[in-house]
Amino acid sequence: MSEKILIVEDEPALQETLAYNLQKQGYEVETAGDGYAALEAARARTPDLILLDLMLPGLDGFEVCKVLRKEMNVPVLMLTARDDEIDRVVGLEVGADDYLTKPFSMRELIARVKAQLRRTRVIREEMEKLKAVESAAAHEVLTFGDLSINLTRREVSRGGEVIPLKPQEYDLLVFFAEHRGQMLSREFILERVWGWEYIGDSRTVDVHVRWLRQKIETDPAHPQRIVTVRGGGYRFEG
Ligand code: CA
0 MSEKILIVED EPALQETLAY NLQKQGYEVE TAGDGYAALE AARARTPDLI LLDLMLPGLD
60 GFEVCKVLRK EMNVPVLMLT ARDDEIDRVV GLEVGADDYL TKPFSMRELI ARVKAQLRRT
120 RVIREEMEKL KAVESAAAHE VLTFGDLSIN LTRREVSRGG EVIPLKPQEY DLLVFFAEHR
180 GQMLSREFIL ERVWGWEYIG DSRTVDVHVR WLRQKIETDP AHPQRIVTVR GGGYRFEG
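With the first letter of the sequence shown counted as 1, position 79 gets the number 78 in numbering that gives the first Met the number 0; the numbers rise by one all the way through.
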């Protein structure tokens, strides 16, 4: 799909030259000859980039740019006739993304247009990637009966109610959940959840298992989820 460029220029000859050259580059082109028409076209056609002349009848380029900034996220390449306007053009006041001072060559213009569109494309792709990652992460929930572990939010809930867990309790529970049905020795749990420096202090595991059971078992005295394996360690049944 070709990208759409809105050309806002009141000089008919220049508008035509710009349109011709950009079309030749494969872009879809819209034109407007004054500020009001520019806003109308921008709203109706949602261009990928706007070439905006500064001196326009009706609303000038500054005004148009200010309105656009509030309404949409489109790159604006400003065309100015005077060097002394550049500060205002690129400043926060207006927020154009780039500018060209007249007279400019078509080659220069096209290079700037391409650069802006490339930038937009990269940003858009990154946003999409981020969105995909977020929505995948949002589904990272482990469920065991009425117990669910939201890995994204590091949140554990039971029957829809959030159970406050200390970070180590949470890590231990996730470790159990990821090794569901396996017999896990205290030493192995210690090493993987707490790190090698804790090796030898296997009581730490027992204490945390006790705390976890208080929070996630229906009857902590007769645990169904984290069961003790005789002579070994623990097994998570889910
Ligand atoms: Ca003009």
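All C-beta atoms, glycine included, are put in the ideal place defined by N, C-alpha and C.
Have a look at the DSSP bridge pairing and note the partners of residue i.
{"i": "D97", "result": "L76"}
{"i": "A31", "result": "V7"}
{"i": "R234", "result": "M182 and V226"}
{"i": "D52", "result": "L78"}
State the start and end residues of the unbroken alpha helix (DSSP H) segment that holds residue i.
{"i": "V155", "result": "Taken as a continuous stretch (DSSP letters only), V155 belongs to no alpha helix (DSSP H), being part of the beta strand (DSSP E) at E154 to R157."}
{"i": "D170", "result": "P166 to E177"}
{"i": "L146", "result": "No alpha helix (DSSP H) contains L146, which is instead part of the beta strand (DSSP E) from L146 to N149."}
{"i": "V63", "result": "G60 to E70"}
{"i": "Q213", "result": "R202 to I215"}
Return the first residue and the last residue of the beta strand (DSSP E) that residue i is part of.
{"i": "F143", "result": "V140 to F143"}
{"i": "V161", "result": "E160 to I162"}
Below 7 Å CB to CB, which residues in the same chain sit around residue i once its five sequence neighbours on both sides are set aside?
{"i": "T16", "result": "none"}
{"i": "K65", "result": "V93"}
{"i": "R111", "result": "L76, D97 and L99"}
{"i": "T227", "result": "Y233"}
Using a Cβ-Cβ cutoff of less than 8 Å, which residues in the same chain neighbour residue i once the five nearest sequence positions on both sides are dropped?
{"i": "L172", "result": "I148, V155, L164, L211 and I215"}
{"i": "G34", "result": "V7, L55, P56, G57, L58, D59, G60, E62 and V63"}
{"i": "H178", "result": "F235"}
{"i": "E29", "result": "K3, I4, L5, I6, A40, R44 and P46"}
Residues in the same chain with beta-carbon distance under 6 Å from residue i, minus the five sequence neighbours each way, listed in chain order, please.
{"i": "G32", "result": "D9"}
Touching or not, the stretch 42–58 and the stretch 3–14, by the rule of three or more beta carbon pairs under 8 Å? yes
The stretch 95–105 / the stretch 67–77 touching (three or more Cβ pairs under 8 Å): In the pairwise beta carbon analysis, the stretch 95–105 is classified as touching the stretch 67–77: at least three pairs are separated by under 8 Å.
Could you tell me whether the stretch 117–124 touches the stretch 151–171, where touching means 3 or more Cβ pairs closer than 8 Å? no
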